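Comments concern the structure below.
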Amino acid sequence: MSAAEVVPKTHKAAIFDTIGGPIVVRDVPTPEPGPDQILVKIIYSGVCHTDLHIWAGKDWPVETKTPMVGGHEGAGVVVKVGSHVTNFKVGDRAGIKWMNSTCLCCEMCRKGFEPNCANGLNSGLGIHGSFQQYALVKGTEAAPIPADVDLAKAAPILCAGVTVYKALKVSDVKAGEIVAITGAGGGLGSLAIQYAKAMGMRVLAIDVGGAKELHCKNLGAEWYVDAGATDDIVQTIVKLTNGGPHGVVNVATAEKPIEQSTQYVRTRGTVVLVSLPKDAKIKADVFWTVFRTITIKGSYVGTRQDTEEALDFLRRGLVDIPIQILPLSSLPDVYDRMLKGTIIGRVVLDVWKA
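In the UniProt record's numbering, the protein residues as written are 1 to 354.
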């Protein structure tokens with residue numbers, strides 16, 4: 001922000017007053033940061049499936065405060081700084097993530113697992129998020145964005161990027177080994193392919209349809225399996241990979257791919273769960289899970305350090321997610337396209353084009 005720029009008393013926000021109700025762009029008061037917060041002028045905000053779940057309220061087992069401004073992939077510039085904040089100044093670039101605030105005092109925080117903070121506050125769930133022109137975030141949780149990074153492309157890294165990067169890290173797949181990615185043609189999957197390639201992994205992409213095959217292979221996938229046109233997906237994958245992938249990252253929003261992944265993953269491999277299909281359960285044969293020493297684990301966003309690392313991949317040109325930039329008012333249509341599964345890559349909202 002230039003010295004002459006003045007923060008307005010009100011600004012535009014995409015807000016819903018009831019769960020599943022209309023999303024309306026309207027003027028809201030611009031908040032003042034608390035002592036440990038910063039106020040960020042949001043330029044771009046990515047749109048995540050979690051935002052859709054929170055708004056719809058039908059398949060999200062966590063209570064949402066209303067009225068609420070969603071969004072947790074906000075990239076912008078610091079315009080005000082709380083009196084206790086020492087790691088940001090006005091004019092710095094900053095990102096607003098899913099974790100808006102953590103206590104840094106509980107057991108999980110002390111162990112370096114701040115996404116599991118017992119006292120955490122989530123953007124777009126417990127505090128207004130990034131589908132607006134100005135938003136608050138605790139200074140210790142805001143993500144520094146490098147000066148030479150495109151803000152529009154940085155936005156999806158703040159959730160989608162760091163989420164799949166962390167999942168790949170905990171998959172224990174080594175350079176030269178094979179990782180399978182379910183839902184590979186979507187926003188999370190598109191980033192997962194690139195992070196995996198940059199980390200030296202060989203990628204088997206799984207999704208539905210020919211259009212996504214071309215998309216995934218252009219991003220670096222070595223193999224593509226069309227789940228909608230393959231009779232025996234387990235045996236197909238085992239044969240293609242000569243024994244199964246060493247790890248699987250599940251970002252498909254369905255239960256069946258999770259069950260299948262426990263069957264085709266290589267002996268002593270790891271299945272990582274990321275997506276949150278409605279009412280889904282983990283179905284795995286106990287005998288073969290034990291006999292083949294399969295690991296099944298959940299992975300939930302990433303730490304502040306993970307976020308810094310994920311952004312650095314973008315800065316170095318190792319990931320470059322395809323994005324579609326749309327105005328803030330298009331959010332309801334974006335949710336509709338998400339429900340239909342027609343989005344390839346990632347949607348980013350320009351919050352100043354309301």
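By construction, the Cβ of each residue, glycine as well, lies at the ideal position given by its N, Cα and C atoms.
Computed from a prediction, not measured in an experiment: that's the story for all the values here.
Straight-line CA distance for T30 to D207? Against the sequence shown, residue 30 aligns to sequence position 30. Against the sequence shown, residue 207 aligns to sequence position 207. Distance between the alpha carbons of T30 and D207 is about 42 Å.
Go ahead and label G91 buried or exposed: buried means 16 or more other beta carbons lie within 10 angstroms of its beta carbon, across all protein chains shown. Residue mapping note: residue 91 aligns to position 91 of the sequence shown, counting from 1. Exposed, by the Cβ-count rule.
Cβ separation of A221 and I178, assumed to be a contact under 8 Å, to the nearest whole Å: By one-based count along the sequence shown, residue 221 stands at place 221. By one-based count along the sequence shown, residue 178 stands at place 178. Incorrect: roughly 11 Å between the Cβ atoms, too far for contact.
Under 8 Å by Cβ, that's how I've got A75 and A155 pegged, so tell me the actual separation to the nearest angstrom. Counting from one through the sequence shown, the residue named residue 75 turns up at place 75. Counting from one through the sequence shown, the residue named residue 155 turns up at place 155. That pair is a contact at about 4 Å.
Any alpha helix (DSSP H) of 4 or more consecutive residues that is wholly inside the stretch 2-67: 49-56
Is it buried or exposed for T182, if we count other Cβ within 10 angstroms and need 16 for buried? Along the sequence shown, one-based indexing puts residue 182 at 182. Burial call: buried.
So, using beta-carbon positions, are residue 356 and F131 closer together than 8 Å? With the chain covering only 1 through 354, there is no way to say anything about residue 356.
Give the list of continuous beta strand (DSSP E) stretches no shorter than 3 residues that lie fully inside the stretch 94-166. 99-101 and 134-138
Three-state secondary structure (DSSP) of R304: Taking the first residue of the sequence shown as position 1, residue 304 is located at position 304. Reduced to three states, the DSSP call for R304 is helix.
Where L168 and K9 are concerned, what is the direct C-alpha to C-alpha distance, given to the nearest angstrom? Counting from 1 along the sequence shown, the entry for residue 168 is found at position 168. Counting from 1 along the sequence shown, the entry for residue 9 is found at position 9. Straight-line Cα distance between these residues: approximately 43 Å.
Should the stretch 267-286 be called in touch with the stretch 251-259, which here means at least 3 C-beta pairs below 8 Å? yes
Cα-Cα separation between K297 and S329, rounded to whole angstroms: The residue given as residue 297 occupies position 297 in the sequence shown. The residue given as residue 329 occupies position 329 in the sequence shown. Going from the Cα of K297 to the Cα of S329 covers about 37 Å.
Less than 8 Å between the C-beta atoms of P33 and G82, yes or no? Stepping through the sequence shown from its first residue, residue 33 is reached at position 33. Stepping through the sequence shown from its first residue, residue 82 is reached at position 82. Result yes, Cβ atoms of P33 and G82 sit closer than 8 Å.
Where does V334 sit, in a helix, a strand or coil, going by DSSP? One-based indexing of the sequence shown puts residue 334 at position 334. In the structure shown, V334 sits in a helix (DSSP, three-state: H, G or I).
Extent of the continuous beta strand (DSSP E) run through K297: What you label residue 297 is simply residue 297 of the sequence shown in a count that begins at 1. Looking at the DSSP string, the run of the beta strand (DSSP E) that includes K297 is T295 to G298.
Starting from the C-beta of G244, find all residues in its chain whose C-beta is less than 7 Å away, skip the five residues before and the five after it, and write them out in chain order. The residue given as residue 244 occupies position 244 in the sequence shown. Cβ neighbours of G244 beyond the five flanking positions: I237, V238, Y264, V265, R266 and G269.
What is the residue span of the alpha helix (DSSP H) that A192 lies within? Taking the sequence shown and counting its residues from 1, one reaches residue 192 at position 192. It spans G187 to A198 - the alpha helix (DSSP H) in which A192 sits, taken as one unbroken run.
Which class does G210 belong to by DSSP, given the choice of helix, strand or coil? Locating residue 210 in the sequence shown gives position 210, where the first residue counts as 1. Here G210 sits in helix by DSSP.
For the beta strand (DSSP E) holding V179, just list the boundary residues, first then last. One-based indexing of the sequence shown puts residue 179 at position 179. Residues I178 to T182.
For I15 and R26, I'd like the C-alpha separation in whole angstroms. Taking the first residue of the sequence shown as 1, we reach residue 15 at position 15. Taking the first residue of the sequence shown as 1, we reach residue 26 at position 26. If you take the alpha carbons of I15 and R26, they lie about 7 Å apart.
Can you find a CB in chain D that lies within less than 8 Å of the CB of A147? This model lacks chain D altogether, as it is built from one protein chain only.
Enumerate in chain order the residues of its own chain whose CB-to-CB distance from V292 is below 6 Å, with the five nearest sequence positions on each side excluded. Working through the sequence shown from its first residue, we reach residue 292 at position 292. Just to set this straight, residue 292 is Arg in the shown sequence, not Val. So the list reads T267, once near-sequence residues are dropped.
6 Å CB neighbourhood of V348 in its chain, flanking five on each side removed: Residue mapping note: residue 348 aligns to position 348 of the sequence shown, counting from 1. Y44, G46, A152, A155, I323 and I325, listed in sequence order.
Please identify the residue among G189, V234 and I233 whose C-alpha is closest to the C-alpha of K217. On the sequence shown, position 217 is the one that residue 217 refers to. Here the closest residue by C-alpha is G189.
If you reduce the DSSP assignment to three classes, tell me which class W288 lands in. Residue mapping note: residue 288 aligns to position 288 of the sequence shown, counting from 1. Three-state result, W288: helix.
Between the CA atoms of E259 and K281 - distance to the nearest angstrom: Here residue 281 refers to the residue found at position 281 of the sequence shown. Here residue 259 refers to the residue found at position 259 of the sequence shown. Distance between the alpha carbons of K281 and E259: 9 Å.
Quickly, what does DSSP pair G76 with across the bridge? List them, please. Looking up residue 76 in the sequence shown gives position 76. Paired residue(s): I42 and A94.
To the nearest angstrom, how far is the alpha carbon of G228 from that of H49? Residue 228 sits at position 228 when you count from the first residue of the sequence shown. Residue 49 sits at position 49 when you count from the first residue of the sequence shown. C-alpha separation (whole angstroms): 22 Å.
Taking just the CA atoms, how far does N100 sit from I127? For the purposes of this step, residue 127 is taken as residue 127 along the sequence shown, with counting starting at 1. For the purposes of this step, residue 100 is taken as residue 100 along the sequence shown, with counting starting at 1. For I127 and N100, the distance between alpha carbons rounds to 8 Å.
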